Structure formats: structure tokens, C-alpha cells
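S.K.:
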Amino acid sequence: MASVGIARPLVSVRGLDGNSTGSNVALPAVFRTPLRTDIVRFVHTCIRLNKRQPYAVSELAGHQTSAESWGTGRAVARIPRVRGGGTHRSGQGAFGNMCRSGRMFAPTKIWRKWHKKVNIKQRRFAMAASIAATGVPAIVMAKGHVIDNIPEVPLVVDDKVEELKKTKEAVTLLKNINAWGDIEKVINSKRFRAGKGKMRNRRRCMKLGPCIIYKNDNGIVQAFRNVPGVTLMNVRHMNVLRLAPGGHVGRFCIWTNGAFRELDEIFGTYRRASSVKIGFRLPLTKVQNPDLKRLLRSEEIASVLRPSNRRCGRRSTQRKNPLKNPRVMARLNPHHSTLKRNKILEDERNVIKKLKKSEVGKKVVKKPVKKDVLKGGKVAKGAKVAQKRVK
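Numbered according to our numbering, the sequence shown spans residues 1 to 391.
(1) Using 8 Å as the cut-off, can you tell me whether the segment 132–150 makes contact with the segment 242–255, which would need three or more C-beta pairs spanning the two stretches below that distance?
(2) With a threshold of 16 other CB atoms inside 10 Å of the CB of valine 57, please say whether the residue is buried or exposed.
(3) Who are the Cβ neighbours of isoleucine 150 in its own chain at under 8 Å, not counting the five residues just before and after it?
(4) In angstroms, rounded to a whole number, what distance separates the CA positions of threonine 231 and cysteine 211?
(5) Any idea which residues DSSP pairs phenylalanine 240 with across the strands?
(6) Alpha carbon to alpha carbon, what distance is there between valine 30 and phenylalanine 267?
(7) Arginine 78: which of Thr87, Ala67, His88, Gly85 sits nearest, CA to CA?
(8) Evaluate methionine 238 with the Cβ neighbour count: other Cβ atoms within 10 Å of its Cβ, from every protein chain shown; 16 or more gives buried, anything less gives exposed.
(9) Is arginine 204 helix, strand or coil when you go by DSSP?
(10) To the nearest angstrom, how far is it from the Cα of methionine 329 to the Cα of arginine 297?
(11) Does the structure place the segment 120–130 close enough to the segment 37–44 that three or more beta carbon pairs sit under 8 Å?
(12) Output yes or no for whether 9 Å exceeds the beta carbon distance between alanine 94 and glycine 73.
(13) Determine the extent of the beta strand (DSSP E) in which methionine 127 is found, giving its start and end residues.
(14) If you draw a straight line from the alpha carbon of tyrosine 55 to that of arginine 112, how long is it in whole angstroms?
(15) Give a yes or no on whether the C-beta atoms belonging to aspartate 148 and threonine 256 are separated by under 9 Å.
(16) Restricting to Cα atoms, I'd like to know which of Ser308, Gly22, Val304, Arg32 is closest to proline 283.
(17) Could you tell me whether the segment 263–280 touches the segment 297–309, using the rule of 3 or more Cβ pairs below 8 Å?
(18) Let me know the beta strand (DSSP E) ranges lying completely inside the segment 136–203, each 3 residues or longer, listed in chain order.
(19) Within 10 angstroms of the Cβ of phenylalanine 105, are there 16 or more other Cβ atoms? Answer buried if so, exposed if not.
(20) Judging by CA-CA distance, which residue of Asn201, Val186, Ile187 is the nearest neighbour of arginine 193?
(21) Between the C-alpha atoms of tryptophan 70 and serine 90, what's the straight-line distance to the nearest angstrom?
(22) Restricting to Cα atoms, I'd like to know which of Leu243, Ile47, Asn226 is closest to asparagine 234.
(23) In this structure, does DSSP put leucine 16 in helix, strand or coil?
(24) Looking only at DSSP bridge pairs, what is tyrosine 270 linked to?
(25) For the alpha helix (DSSP H) that contains cysteine 211, what are its first and last residues?
(26) Give me the Cα-Cα distance between methionine 98 and methionine 199, rounded to the nearest whole angstrom.
(27) Within the continuous alpha helix (DSSP H) that includes threonine 37, where are the two ends?
(28) Is the distance from the Cβ of lysine 166 to the Cβ of alanine 259 below 9 Å?
(29) Could you tell me the alpha carbon to alpha carbon distance between serine 358 and arginine 331, rounded to whole angstroms?
(30) Along the chain, where does the alpha helix (DSSP H) containing methionine 329 start, and where does it finish?
(31) Among the candidates Asn24, Ser20, Gly86, Trp114, whose CA atom is the shortest distance from the CA of leucine 52?
(32) What does a CB cutoff of less than 8 Å around glycine 102 pick up in its chain, not counting 5 residues either side in sequence?
(33) How many Å lie between threonine 172 and serine 189 at the Cα?
(34) Which two residues bound the contiguous alpha helix (DSSP H) that contains leucine 296?
(35) In whole angstroms, what is the alpha-carbon distance linking leucine 174 and aspartate 264?
(36) Grouping DSSP H, G and I as helix and E and B as strand, with all else coil, what is glycine 102?
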């Protein structure tokens, strides 16, 4: 994504009264740097970690008691236990991280690896991208700054601003250039901090306002340091943590004329390298025009492309499964319909045969049973059993 600040090659310089002085300054080449927010976020995260204060728990924490394991054979865990008797504490587990009043697991040490190394090319790229984002009004407004009434972005003021020494004069300047609305937003955002920071000498917090970048400190720091939300930076010592607070690009910046002209010397241009940062050249955009559809349809690309081969494209007819579609199977194997018909006829003949066999089995001839007649006209016991089996 390229910066859109290059649409205005000249920037007018504003005086102490907020009106244009009649002089213009060319937009530095650093404002054409690609807006790589991923690099800015990565560099911001790594640099922010370098200001941490080492912390650790006491080396004696959890071990300030006399405890020894009871060993095996007593049907209890082998954790060290407090000596003595007569109290609840005696016999309780000690030292372990699972024990009451024990040490923590893996106690923190002050020799942890606190700092992060960042490649110098990445840091310079992040700085250039952060500066380029300050020249895009849409990104600055998306960051939350109130810049509806300011004359233009980036905002450049005369070098006489560096000689201001009174806060009253600084407030008058901000009102003249219509930047006081952003200060009012900061004042109205003052609130109590959420969390334990209230107990650690940072009870209140508020949003950030404009960042004033100067070349020479002739009193400008003293004039603006008491205005809420204002950050002051020397153009030779700019910081990504201030230009992109939170890792989000788009800080509202007010430049002095001398600091704005100094950018080409610090970061160089696309025709000459930087005279301050050795071996540094401004990064180029990967794609000058991100409209891919317009690129593919342009005459320059269409004239060198060969005509499309439609025969090698996707099949126009739908491919059907011959195992489920009889017509497709008949086209592949004309004899398949005959085989299928013969199979149906054979199944019908088999069914008829089974029916005939079942009817023949029902017509069973009963054999005559010989009755063993005993004396007195009674049938013998064996004869009755034989009759039941026949039935």
C-alpha cells in the first residue's frame, strides 16, 4: 500500500497567526514510503520490550522453614514436612509449589532475556512508514485525532514557533491553526486507569494529542511541555514508539519548517542515498498500482498476451457416472442392456422354481399307523406317540 500523500507535491508553511506565509516546501520523499503496518507493529513490539524493568521473587521465598521428608513406609507423600508438634503447622507439606506457603514453580530470575534485538533495516523501514502515514488524512482521522478544521496534512509551521517560551503562546498557536480541538479531546478523555496501575503512581490516564517535531530547541519544549497530550521530538531523534503509539500508524504531527526540510537529508530520496543513515535507501513499493483488475485489462498487458485456448479449458459437458446412469452405460457398452435383461429374466425363473418347490413340499402323504390294540379295546402307549408324530 503506497502513501497517497504524494498527490500534493508542495506544502504551504503556516505562520504564528495560522495563515499561510506565502512560502511552500516540497514534500519529502519519505512520505512516499509503502505503509507496511505489519513491520511497524513488529518493530514497535520489540522496541517496547527493551524498556522493561527486571523483576524476580526472593530466592528465599518458600524455603524459610525447617522441613524434612518423612521418607517411605508411612503411607504419606515424600514431600518435605514441617518439624515439631503441638500446632497445625507441624506435619504440613513445605517447599513444594503445591504446598501452602511453598515457593512458586520455576521462580522468576532477574537474568531472564528481557531485551529484543531488531534489525536496523527493519527499524528504519518502520520509521519511514510511520512518517509516511502521518501525511494521509484518512489514516490520521482513523487513529482518532480531531483534524477536521486544520488547513492541510501534513501541517508545517514557521520556524519562529521554535522560539516560543510561554505556554500561553503555545495555546494561541494551536488555536490559530485549528489544532486545539485535538487538545480538547485529550482533556475530556482524562479518566481513572483500570487495574492495579492506580496503586502504582499512574492513577489517571488520557489519550494522546499532536506530536510536534522541531529542529532546534530555542524554547519550544518549555512552551509546549505543559499542554495535555502533546509530545515533542527532535527531528534527528525520532522514535517509533511516539510516531506510532500502540503500534498503530497515523499520529497527528505538526512540523516546523526546518524539521520538514531536514527529512530529505536524514532519509534521503529515490535519487540519492541518505547522508545520515549510512547505506540506507528508501524502500520501494512492490506494486505501484494496487488495482489488479485494471492492470490485467490494460492495453499494455493485453497486447503481449497470446489468445486464450478454449479447448484446454474446463469440460463443457457434465461427466456422469455410468454405474448410475443407464444411458451412459449403454453408450459405453451396448451389450450391457442385453446382459441386464437376461439377468432379470433369470431371476424371474428362479423365483418360479422356488414357488413350485414349496407347493410340492406341502403335499406330503401320511403313512398309515398300525394300532396296537390291547385287551379291553385300548390303544397302546407307543401307538399314541406315533400318531402324534404323524400329525
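Even glycine gets a Cβ: it sits at the ideal position worked out from N, Cα and C.
Small disclaimer: the values here were computed from a predicted structure and weren't measured.
M.R.: In short:
(1) Between the segment 132–150 and the segment 242–255 there are three or more C-beta pairs closer than 8 Å, enough to call the two in contact.
(2) Walking along the sequence shown from the start, residue 57 turns up at place 57. An exposed status is given to valine 57, since fewer than 16 other beta-carbon atoms sit within 10 Å of its beta-carbon.
(3) Residue 150 sits at position 150 when you count from the first residue of the sequence shown. Answer for isoleucine 150: Ile177, Asn178, Ala179, listed in chain order.
(4) Along the sequence shown, one-based indexing puts residue 231 at 231. Along the sequence shown, one-based indexing puts residue 211 at 211. Roughly 5 Å separates the two Cα atoms.
(5) Taking the sequence shown and counting its residues from 1, one reaches residue 240 at position 240. Reading off the sequence shown, one finds valine at residue 240, where the question assumed phenylalanine. Paired residues: none, contrary to the question.
(6) Locating residue 267 in the sequence shown gives position 267, where the first residue counts as 1. Locating residue 30 in the sequence shown gives position 30, where the first residue counts as 1. Between the alpha carbons of phenylalanine 267 and valine 30 lies a gap of roughly 7 Å.
(7) Position 78 of the sequence shown, counted from the start, is the residue given in the question as residue 78. Checking every option, the nearest Cα to that of arginine 78 belongs to Ala67.
(8) Working through the sequence shown from its first residue, we reach residue 238 at position 238. Residue environment analysis places methionine 238 among the buried positions, since at least 16 neighbouring C-beta atoms fall within 10 angstroms of its C-beta.
(9) Against the sequence shown, residue 204 aligns to sequence position 204. DSSP places arginine 204 in strand when its eight states are reduced to three.
(10) In the sequence shown, counting from the first residue as 1, residue 329 sits at position 329. In the sequence shown, counting from the first residue as 1, residue 297 sits at position 297. Distance between the alpha carbons of methionine 329 and arginine 297 is about 45 Å.
(11) Per the Cβ contact rule, the segment 37–44 is in contact with the segment 120–130 (3 or more Cβ pairs under 8 Å).
(12) For the purposes of this step, residue 94 is taken as the residue at position 94 of the sequence shown. For the purposes of this step, residue 73 is taken as the residue at position 73 of the sequence shown. Annotated as distal: alanine 94 and glycine 73, with beta-carbon spacing of 9 Å or more.
(13) Residue 127 sits at position 127 when you count from the first residue of the sequence shown. For methionine 127, there is no enclosing beta strand (DSSP E); the residue is found in the alpha helix (DSSP H) stretching over 120–133.
(14) The residue given as residue 55 occupies position 55 in the sequence shown. The residue given as residue 112 occupies position 112 in the sequence shown. Taken atom to atom, the span from the alpha-carbon of tyrosine 55 to that of arginine 112 is near 9 Å.
(15) Translated into the one-based positions of the sequence shown, residue 148 becomes position 148. Translated into the one-based positions of the sequence shown, residue 256 becomes position 256. Not in contact: aspartate 148 and threonine 256 (Cβ atoms no closer than 9 Å).
(16) Sequence index remark: in the sequence shown, residue 283 carries index 283 (1-based). Ranking the options by Cα distance to proline 283, first place goes to Arg32.
(17) Not touching, per the Cβ criterion.
(18) Those beta strand (DSSP E) runs which fall completely within the segment 136–203 and span 3+ residues are 155–157.
(19) Counting from one through the sequence shown, the residue named residue 105 turns up at place 105. Phenylalanine 105 comes out exposed.
(20) For this step, residue 193 is matched to residue 193 along the sequence shown. The shortest Cα separation from arginine 193 among Asn201, Val186, Ile187 belongs to Asn201.
(21) Here residue 70 refers to the residue found at position 70 when the sequence shown is read from its first residue. Here residue 90 refers to the residue found at position 90 when the sequence shown is read from its first residue. The alpha-carbon atoms of tryptophan 70 and serine 90 are separated by roughly 12 Å.
(22) Within the sequence shown, numbered from 1, the residue matching residue 234 stands at position 234. Residue Leu243 holds the alpha-carbon nearest to the alpha-carbon of asparagine 234 among Leu243, Ile47, Asn226.
(23) The residue labelled residue 16 in the question sits at position 16 within the sequence shown. DSSP places leucine 16 in the coil class of the three-state scheme, outside both helix and strand.
(24) By 1-based counting over the sequence shown, the position of residue 270 is 270. BP columns for tyrosine 270 are empty, so no partner.
(25) As a first step, residue 211 is located in the sequence shown; it is residue number 211 there, counting from the start. Here cysteine 211 belongs to no alpha helix (DSSP H); instead the beta strand (DSSP E) covers 211–214.
(26) Translated into positions along the sequence shown, residue 98 becomes position 98. Translated into positions along the sequence shown, residue 199 becomes position 199. Straight across, the Cα-Cα distance linking methionine 98 with methionine 199 is about 30 Å.
(27) Translated into positions along the sequence shown, residue 37 becomes position 37. Segment 37–48, the alpha helix (DSSP H) holding threonine 37.
(28) Reading the sequence shown from its first residue, position 166 is the one you call residue 166. Reading the sequence shown from its first residue, position 259 is the one you call residue 259. No, the pair does not count as a contact, with Cβ atoms beyond the cut-off.
(29) In the sequence shown, residue 358 corresponds to position 358, counting from 1. In the sequence shown, residue 331 corresponds to position 331, counting from 1. Here the C-alpha atom of serine 358 lies approximately 42 Å from the C-alpha atom of arginine 331.
(30) The count along the sequence shown starts at 1 and reaches residue 329 at position 329. It spans 326–332 - the alpha helix (DSSP H) in which methionine 329 sits, taken as one unbroken run.
(31) Taking the sequence shown and counting its residues from 1, the one referred to as residue 52 is at position 52. Looking at the sequence itself, residue 52 is arginine, so the reference to leucine does not match. That would be Trp114, whose Cα lies nearest to the Cα of arginine 52.
(32) The residue you call residue 102 lines up with position 102 of the sequence shown. Taking glycine 102 as the centre and dropping the five residues before and after it, the same chain places the C-beta of Gly62, Gly93, Ala94, Phe95, Gly96 closer than 8 Å to its C-beta, in chain order.
(33) Your numbering for residue 172 matches position 172 in the sequence shown. Your numbering for residue 189 matches position 189 in the sequence shown. Rounded to whole angstroms, threonine 172 to serine 189 spans 22 Å at the Cα level.
(34) Counting from one through the sequence shown, the residue named residue 296 turns up at place 296. First-last of the alpha helix (DSSP H) with leucine 296: 292–296.
(35) Taking the first residue of the sequence shown as 1, we reach residue 174 at position 174. Taking the first residue of the sequence shown as 1, we reach residue 264 at position 264. Roughly 26 Å between the two C-alpha positions.
(36) To locate residue 102, count along the sequence shown from 1; it is residue 102. Of the three classes helix, strand and coil, the one that applies to glycine 102 here is coil, per DSSP.
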